[in-house]
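Taken in sequence, the protein lines are chains R and Y.
Reminder that position 292 of the first sequence reads as 292 in the numbering used here, one-by-one numbering, no gaps.
Reminder that position 247 of the second sequence reads as 1247 in the numbering used here, one-by-one numbering, no gaps.
Beta carbons: idealized from backbone N, C-alpha and C, even for Gly.
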Amino acid sequence: MDFLLNLAPHLINGIGLGLLFALIALGFMLIVGVMEVINLAHGSLFALGAYFAMMIIGPEPQWFGSMGEWYVGLPAGLRYSIALVLAPILVGLVGMLLEYCLRGTYGKDPLFGLLLTFGAAMVIEELIRVFWGSGEQVLQIPAAISGAFIWNGLIWSSYRFFAAAFAIAAIFMVWLFLERTPYGAIIKAGAHDSEMVRALGINLSRLRLFVFGFGVMLAALAGIIMAPIWGLRPHVGVDAVIPAFLIIVLGGVGSFGGAVVAGVLVGLTVGITSAYASEWSLMSMYLLLIVVITFRARGLFGKKSVLEN
Amino acid sequence: MDANTGIKAWITRPMLITFAVLVSLPFWIDSVGLYQYLGVEIVIWMVFALGYNLLLGYTGLPSFGHGAYFGIGAYAFGLSQLHLTQSVWLGLFCSMLFAALGGAAVAAFLSHRRGIYFALLTIAFGQVFWFLSIKWHTLTGGEDGLLNIPRPDLEFGVFSVSLDSNQALYYFALAMFVIVVIGLWRLIHSPYGTVIKAIKQNEMRTGFIGYNVWLYKWSVFTLSASIAGLAGGLFSMAQESAYPDVMSLHASGFVVMMVLIGGGMVSFWGPVIGAAVYFLARDMLGAATETWLLWYGLMFMAVVMFKPEGIAGAWQGFVRRRDASADAEKKPVTG
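Now the structure itself:
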């Protein structure tokens, strides 16, 4: 029992982390499904979301003169909430711009989409360096969710709880949106067979624009939540997007449930190994992946799809 | 095509032009404002990119973790010089051997896969090697890498050549480049080459004809990895050190960019052009602005959007149009 209790904080951290990875993976998967593009810029947009949020939260917005002063006077919690809404929207717009650039590659070798987004990743990362510098930055979080508390003789970080709860809520919302709204139905249909969706009279270019924006918004959201845990560096996106790729391969491309299960699995693996061998905690997920794909070629829940051609 | 007979099957005119340009490079590179060491780097990455294009351009397999094998080669060279015996030949042999072993192990997992699974798994495996190189301190020296790797003389049994100067090293790397170019050229124009090109066009049909697609994909990946290892070994000779940076996702991405910008999808010479363009861009843009990667990235995006066949593709298009208009001028005689 003691053993489990000692492990508990690591498990909570792991689940929170895993679900945030799953959130990134879901956005990535929607884009892969509808556009058949491997969006290598996903990680950079994750980082961009966190940087935007940092700007919005403050504490020193010099722009707008007295407006800025009034804004900084607002409670930190409110500014944080504004950032949680506004920053993903801004990133969504950047994503839409990227989708617009991608249009020329549809119908060609999927490699070109992947390469274009690789170039975009580089450009975004460099832009972050230009605007915010290469150094480590700090995203301020309100006092209500920072700090630590002692419970059952163990120190727990409040923010880790917040992150885990937020990730669960966000994934639930995405699930609701995809499964319970007509828009979700169109997106899922588009991911299954986009030509058929067009034949049914849906504006495919608008759908793609929207899905790309939506997908990168999820990444940006995960970035904002992750930033206080990982710190904020221009290349932080790589650290986030690689686990997300792993989760997709683990769970199976195109499977919502697979991504969530794989996310939790990866999170738990990382959480448990970080308790015993923190140096190797990130390595463990690669080993998990290799074990799984040795036995299940398409991941845990993957089905055969057009993307393999 | 008379490319299958005699000496022409081995040496072609573009090859001679490329070799001539590269052989004369040390004599004029200083006068155009560049420096000798740049030539060494360019030739090494040309070798790497050529080997990579075997996979991307000819077999249609997008590997996004190829820096790993370059890195393995670099470490293998360094470790063999530091712990075994100092010999260029042994070092480069170790580079190729261990990169090939790494590639063979990874390819065993990958060769069933296609498309997105293939690309994602190459990224994952690339990261595994990168991670190992950082964390396995006792072997790799961690983030600092291996330092002070000796650069031994080149032994030919009866005599030996010192590689201390950049110029000597350049000609040695160039010799390796020549071997790789001719070897790959022959490979691509062999029955084996025909099969891998068929796999690029349609993997399933190639399998239906009776070729063992898995084995071909596995072997081409292993071969490509061993060439990357050779380039990595040369790189650690040039740098006199080996470090994890070359294995990162970025380094792996750069070689993809070189191959694509140069036009590896449509031409044998694409990777060669692309590697040269990359280093020239790095030095020229880098001299003008600190954020050269931003501009290089934008340039790359523009190439993908507007001319995905790259520089070699643009050249081929130009030649085709020129020939077409030359034909058109001849024809009216009959009318």
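When C-alpha distances from residue 260 of chain R are compared across R:10, R:17, R:7 and R:8, the shortest belongs to R:17. Under the three-state reduction of DSSP output, residue 149 of chain R falls in the strand class. A direct Cα-to-Cα measurement between residue 271 of chain R and residue 122 of chain R gives close to 30 Å. Residues 1076 and 1080 of the same chain have their beta carbon placed closer than 6 Å to that of residue 1094 of chain Y, with the five preceding and five following residues left out of the count. Within chain Y, the residues placing a beta-carbon under 8 Å from that of residue 248 of chain R are 1120, ordered along the chain. The CB of residue 119 of chain R comes closer than 7 Å to the CB of 1297, 1300, 1301 and 1304 in chain Y, given here in chain order. Under the three-state reduction of DSSP, residue 1155 of chain Y is assigned to strand. Fewer than three Cβ pairs drawn from the segment 1046 to 1066 of chain Y and the segment 14 to 33 of chain R lie within less than 8 Å of each other, which leaves the two stretches out of contact. From the listed residues R:286, R:171, R:206 and R:251, the smallest Cα separation to residue 296 of chain R is found for R:251. A buried status is given to residue 13 of chain R, since no fewer than 16 other beta-carbon atoms sit within 10 Å of its beta-carbon. A straight-line Cα-Cα distance of about 12 Å links residue 56 of chain R and residue 89 of chain R. A distance below 6 Å between beta-carbons, with the five flanking residues on each side excluded, links residue 1221 of chain Y to the following residues of its chain, in chain order: 1103 and 1107.
In the structure shown, the three-state DSSP call for residue 186 of chain R is helix. Exclusion of the five residues before and after residue 129 of chain R leaves 234 as the residues of its chain whose Cβ lies within less than 6 Å of its Cβ. Any Cβ of chain Y closer than 9 Å to the Cβ of residue 93 of chain R would place that residue at the interface, and such an atom is absent. In its chain, beyond the 5 residues on either side, 101, 102 and 105 have a beta carbon closer than 7 Å to the beta carbon of residue 116 of chain R.
Annotation: residue 219 of chain R to residue 82 of chain R spans about 17 Å, alpha carbon to alpha carbon. Residues are counted here when their Cβ sits less than 8 Å from a Cβ of chain R; for the segment 1271 to 1294 of chain Y these are 1291, 1293 and 1294, given in chain order.
Flagged as an interface residue toward chain Y: residue 279 of chain R, by a C-beta distance shorter than 9 Å.
When secondary structure is reduced to three states using DSSP, residue 1224 of chain Y falls in the helix class. When rounded, the separation of the alpha-carbon atoms in residue 175 of chain R and residue 1130 of chain Y is 35 Å.
Contact check for residue 1258 of chain Y against residue 1232 of chain Y fails: the beta carbons are separated by 9 Å or more. With respect to chain R, the C-beta atom of residue 1215 of chain Y has no partner C-beta closer than 9 Å. When the alpha-carbon of residue 227 of chain R is set against those of R:84, R:265 and R:15, the nearest one is in R:84. Residue 232 of chain R carries a strand assignment under DSSP once its states are collapsed to helix, strand and coil. Within its own chain, the residues whose Cβ lies closer than 7 Å to the Cβ of residue 146 of chain R, once the five positions on either side in sequence are excluded, are 158 and 159, listed in chain order. By the neighbour-count criterion, in which 16 or more other beta carbons inside 10 Å mark a residue as buried, residue 1137 of chain Y falls on the exposed side. Contact between residue 1167 of chain Y and residue 1316 of chain Y does not hold, since the beta-carbon distance rounds to 34 Å and is not under 8 Å. By a beta-carbon distance limit of 8 Å, residue 1073 of chain Y contacts residue 1230 of chain Y. Their separation comes to about 6 Å. From the listed residues R:257, R:118 and R:99, the smallest Cα separation to residue 23 of chain R is found for R:257. The alpha-carbon of residue 1223 of chain Y is positioned some 45 Å away from that of residue 168 of chain R. In the three-state scheme derived from DSSP, where H, G and I count as helix and E and B as strand, residue 1146 of chain Y is classed as strand.
Taking residue 47 of chain R as the centre and dropping the five residues before and after it, the same chain places the C-beta of 128, 223, 234, 236 and 237 closer than 7 Å to its C-beta, in chain order. Ranking R:216, R:278, R:118 and R:193 by CA distance to the CA of residue 1123 of chain Y puts R:118 first.
DSSP places residue 140 of chain R in the coil class of the three-state scheme, outside both helix and strand.
One Cα belongs to residue 267 of chain R, the other to residue 11 of chain R, and the distance between them is close to 8 Å.
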